[in-house]
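Visitor: When you line the sequence shown up against numbering that gives the first Met the number 0, it's residues 0 to 512, in that order. Beta carbons: idealized from backbone N, C-alpha and C, even for Gly. Nothing here was measured: the structure is a model prediction, and the numbers come from that model. Got a structure for you, questions after.
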Amino acid sequence: MERELVIVLDFGGQYNQLIARRVRECNVYCEVHPCTLSLEKIREMHPKGIIFTGGPNSVYGEDSPRCPKEMFEMGIPILGICYGSQLMAYMLGGSVKTAPVSEYGKTEVDVDTASPIFENVSEKTICWMSHTDYIESAPTDFKVTAHTPVCPVAGMENAGKKLYAVQFHPEVMHTQEGKQMLSNFVYNVCGCSGDWKMDSFVETTIRQIREKVGGGKVLCALSGGVDSSVAAVLLSKAVGKQLTCVFVDHGLLRKNEGDEVESVFGPEGQYDLNFVRVNAQERFYGKLAGVTDPEKKRKIIGEEFIRVFEEEAKKIGAVDFLVQGTIYPDVIESGLGKSAVIKSHHNVGGLPDCVDFKEIIEPLRLLFKDEVRRAGLELGIPDYLVYRQPFPGPGLGVRIVGEVTADKVRIVQDADAIYREELAKAGCDKGLGQYFAALTNMRSVGVMGDERTYDYAVALRAVITSDFMTAEAAEIPFEVLSKVMNRVINEVKGVNRVLYDLTSKPPGTIEFE
Ligand code: XMP
Numbered sequence: 000m001e002r003e004l005v006i007v008l009d010f011g012g013q014y015n016q017l018i019a020r021r022v023r024e025c026n027v028y029c030e031v032h033p034c035t036l037s038l039e040k041i042r043e044m045h046p047k048g049i050i051f052t053g054g055p056n057s058v059y060g061e062d063s064p065r066c067p068k069e070m071f072e073m074g075i076p077i078l079g080i081c082y083g084s085q086l087m088a089y090m091l092g093g094s095v096k097t098a099p100v101s102e103y104g105k106t107e108v109d110v111d112t113a114s115p116i117f118e119n120v121s122e123k124t125i126c127w128m129s130h131t132d133y134i135e136s137a138p139t140d141f142k143v144t145a146h147t148p149v150c151p152v153a154g155m156e157n158a159g160k161k162l163y164a165v166q167f168h169p170e171v172m173h174t175q176e177g178k179q180m181l182s183n184f185v186y187n188v189c190g191c192s193g194d195w196k197m198d199s200f201v202e203t204t205i206r207q208i209r210e211k212v213g214g215g216k217v218l219c220a221l222s223g224g225v226d227s228s229v230a231a232v233l234l235s236k237a238v239g240k241q242l243t244c245v246f247v248d249h250g251l252l253r254k255n256e257g258d259e260v261e262s263v264f265g266p267e268g269q270y271d272l273n274f275v276r277v278n279a280q281e282r283f284y285g286k287l288a289g290v291t292d293p294e295k296k297r298k299i300i301g302e303e304f305i306r307v308f309e310e311e312a313k314k315i316g317a318v319d320f321l322v323q324g325t326i327y328p329d330v331i332e333s334g335l336g337k338s339a340v341i342k343s344h345h346n347v348g349g350l351p352d353c354v355d356f357k358e359i360i361e362p363l364r365l366l367f368k369d370e371v372r373r374a375g376l377e378l379g380i381p382d383y384l385v386y387r388q389p390f391p392g393p394g395l396g397v398r399i400v401g402e403v404t405a406d407k408v409r410i411v412q413d414a415d416a417i418y419r420e421e422l423a424k425a426g427c428d429k430g431l432g433q434y435f436a437a438l439t440n441m442r443s444v445g446v447m448g449d450e451r452t453y454d455y456a457v458a459l460r461a462v463i464t465s466d467f468m469t470a471e472a473a474e475i476p477f478e479v480l481s482k483v484m485n486r487v488i489n490e491v492k493g494v495n496r497v498l499y500d501l502t503s504k505p506p507g508t509i510e511f512e
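Set out below in structure tokens:
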């Protein structure tokens, strides 16, 4: 049976991924595609519905993205959001105007609860608006289903043609009943039954991997992070010992992390796979000796990782498939990515250029991060691995400002372990996006006992973020920070000062380098 699909057509809005996530939260599979997707392709995909996203343009702009008019005649339900709603109005004969001032923020909207989109929604409901243009009048065969004092058409529909539009953003959390509206669209209007479930994803993927791999050999770079762990377990369930996981310990992992990964995936662990742990600490420290520039450090770690991985791959011999933990946001972003390089990100599990593989397997390329976690739980991976906070590929290398040495790694590992332990004990770790200790390159004077000290300052960081593109420093209770300070200074040799980083992102970044 074909899986139900809803397509999001991206007109350049900021929230396109979020729309897809919300639809998937309703158990309906959803993909994001550029707004230039052809009618022919759309027909081949048999979508149950289409959602037009918002976007920065005005429908009157010469280069503004459009869709073919026939799209409205295909009989496929369409929901237009923000720019998508204006486009629908404009192309079907309504009128769109530019307001003298933008309507932005939480707004009370009056909705017609007889509309299938607003079923079980309050008559007055708080929605998130973000627009300058607005629909002044709906096309003649449309009914207005929502309005605000300044927005005469905040919602409209032509139920016969299954065309619906809302000026606000149902996908963002600030629209209090937005999820209900999207659920109404996919169930009431598109007639979906909700067949996107993690157990069926896991089952189908395992079957597909078996068919693809046959008797071939598979190689996976395991970092211990959520994505590569879930990918590895999926592969091991599918092809067992045909899979070899290579775990490169670059000496820049958190305290005990190497052993934790080995205890889950190694010979004593619960999975039937070949596990190779490469202890390459000295090799990495050697390459990093004397290097202080953050970008150079990142490049060295990334490059060395690939070299070690290649050497192991050659030892294993003719490998047919390489597994990568690519997830859906990477797929979307690599299709559209236009942003400036702030840091050259290195994902352990990146693709070596000069090793020969027949094919790449990316079992998670359809999943969002929260879905990867659900798949991980479904596969029986321990909770602490599934809910692990993100950890950068270059590891502690980017949490030690300046030159990396084995001694500094020890300091940051020990301080970080104390910090994490105390946050967990105090119950402050919930709701934090990321939290860790970093080692500044600053040494300062202190006094311990009756002795003068001249030691390093450790910085503690904890941020609240949902997308890691922006972040705010978390308000950790002072007594918890004090306790961490005490323990770090008493227990970690080489540290005589502890600082808390208050910087948000921007202007800071989450990691120190
Ligand atoms: P920044 O420091 O850029 O970090 O604010 C944003 C998020 O990305 C993570 N990060 C990385 N992840 N490879 C990764 O896989 C990297 O090279 C890398 N650098 C930063 C960082 O931990 C945060 O979650």
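So, at 7 Å on beta carbons, what are the nonlocal neighbours of I299 in its own chain, with the 5 sequence-adjacent residues on each side left out?
Guide: Excluding sequence neighbours, I299 sits near K286, L287 and V290.
Visitor: If you drop the 5 nearest sequence neighbours on each side, which residues of the same chain put their C-beta closer than 6 Å to that of K482?
Guide: Correct list, in chain order: E421.
Visitor: Please state the DSSP three-state secondary structure of V27.
Guide: Three-state result, V27: coil.
Visitor: Measure the CB-CB distance between I134 and S84 and report whether it falls below 8 Å.
Guide: Going by C-beta atoms, I134 is nearer than 8 Å to S84.
Visitor: From K368 to I326, what does the alpha carbon distance come to, in whole angstroms?
Guide: Approximately 7 Å, taken between the alpha carbons.
Visitor: Output the residue ranges of the alpha helix (DSSP H) runs that lie fully inside the segment 384 to 442 and measure 4 residues or longer, sorted by chain position.
Guide: Segments of the alpha helix (DSSP H) lying fully in the segment 384 to 442: 405 to 425.
Visitor: On a CA-only basis, which of I77, C150, N183 and N119 is nearest T106? Give me that one, please.
Guide: When only C-alpha atoms are compared, the closest one is C150.
Visitor: I'd like to check one pair, Y284 with V403: are the Cβ atoms closer than 8 Å?
Guide: Yes; because the gap between Cβ atoms is below 8 Å, this pair is in contact.
Visitor: Going straight from the alpha carbon of Y453 to that of G445, what length do you get?
Guide: Going by the C-alpha atoms only, they are around 6 Å apart.
Visitor: With a threshold of 16 other CB atoms inside 10 Å of the CB of M172, please say whether the residue is buried or exposed.
Guide: M172 should be labelled exposed.
Visitor: Per the contact definition of three or more C-beta pairs closer than 8 Å, is the segment 448 to 463 in contact with the segment 493 to 506?
Guide: Counting Cβ pairs under 8 Å, three or more are found: they touch.
Visitor: Which residue comes first and which comes last in the alpha helix (DSSP H) that contains F246?
Guide: Where F246 is concerned, there is no enclosing alpha helix (DSSP H), although the beta strand (DSSP E) it sits in stretches over L242 to D248.
Visitor: Is K504 a contact residue of ligand 1, with contact defined as CB to any heavy atom under 7 Å?
Guide: Result yes, Cβ under 7 Å from ligand 1.
Visitor: In whole angstroms, what is the alpha-carbon distance linking C189 and M155?
Guide: Cα-Cα distance, rounded: 17 Å.
Visitor: Pull up the DSSP beta-bridge partners for G154, would you.
Guide: Paired residue(s): A145 and V165.
Visitor: Compute the minimum distance between the beta carbon of Q323 and the heavy atoms of ligand 1, and state whether it is under 7 Å.
Guide: Because no heavy atom of ligand 1 lies under 7 Å away, the Cβ of Q323 does not count as near it: no.
Visitor: Since V212 contacts Q241 with CB under 8 Å, what's their CB separation in whole angstroms?
Guide: With a Cβ gap of about 7 Å, V212 and Q241 count as contacting.
Visitor: How is V483 classed by DSSP in three states: helix, strand or coil?
Guide: It is helical.
Visitor: State the start and end residues of the unbroken alpha helix (DSSP H) segment that holds R297.
Guide: P293 to I315 is the extent of the alpha helix (DSSP H) around R297.
Visitor: Is H173 helix, strand or coil when you go by DSSP?
Guide: Looking at H173 - three-state DSSP - the assignment turns out to be coil, as it is neither helix nor strand.
Visitor: Whole angstroms are fine: how far does the CA of D415 sit from the CA of G265?
Guide: Roughly 25 Å separates the two Cα atoms.
Visitor: Tell me, which residues are paired with G48 by DSSP?
Guide: According to DSSP, which records beta bridges pairwise, G48 is partnered with V5.
Visitor: Taking only three categories from DSSP, how would you classify E358?
Guide: If DSSP states are grouped into helix, strand and coil, E358 belongs with the strands.
Visitor: Considering only heavy atoms of ligand 1, does any lie closer than 7 Å to the CB of F246?
Guide: No; taking the cut-off as 7 Å, the Cβ of F246 has no heavy atom of ligand 1 nearer than that.
Visitor: Following a CB-centred definition, is T131 positioned closer than 7 Å to any heavy atom of ligand 1?
Guide: T131 Cβ: outside cutoff for every heavy atom of ligand 1.
Visitor: I'd like to confirm the pairing. Which residues does DSSP put opposite N273 in its beta bridges?
Guide: T243.
Visitor: Would the segment 296 to 316 and the segment 201 to 211 be scored as touching if the rule is three or more Cβ pairs under 8 Å?
Guide: As far as the Cβ criterion goes, the segment 296 to 316 does not touch the segment 201 to 211, which means the pair count is below three.
Visitor: Closer than 8 Å by C-beta to A279: which residues in its own chain qualify, once you throw out the five before and the five after it? Chain order, please.
Guide: Excluding residues within five positions, the ones whose Cβ falls inside 8 Å are V247, D248, H249, G250, E303 and V307.
Visitor: With respect to 7 Å, is the separation between the Cβ of I463 and the closest non-hydrogen atom of ligand 1 below this value?
Guide: No, Cβ of I463 sits at least 7 Å from all heavy atoms of ligand 1.
Visitor: With C-beta atoms as the reference, is I516 less than 8 Å away from I75?
Guide: This structure does not reach residue 516, given that the chain is present from 0 up to 512, and the question cannot be answered.
Visitor: Nearest-angstrom Cα distance between A374 and E30?
Guide: Approximately 18 Å, taken between the alpha carbons.
Visitor: Verify the contact flag: P328, CB atom, against every heavy atom of ligand 1, threshold strictly below 7 Å.
Guide: Answer for P328: no, Cβ out of range of ligand 1.
Visitor: Looking only at C-alpha atoms, which of T204, G104, A158 and G430 sits nearest to R364?
Guide: The shortest Cα separation from R364 among T204, G104, A158 and G430 belongs to T204.
Visitor: Return helix, strand or coil for Y14, following the three-state DSSP convention.
Guide: Here Y14 sits in coil by DSSP.
Visitor: Which same chain residues, not among the five before or five after V232, have their C-beta less than 7 Å away from its C-beta?
Guide: Around V232: Y270, L378 and I380.
Visitor: Relative to ligand 1, is the shortest distance from any of its heavy atoms to the C-beta of G392 smaller than 7 Å?
Guide: Within the cutoff, so yes.
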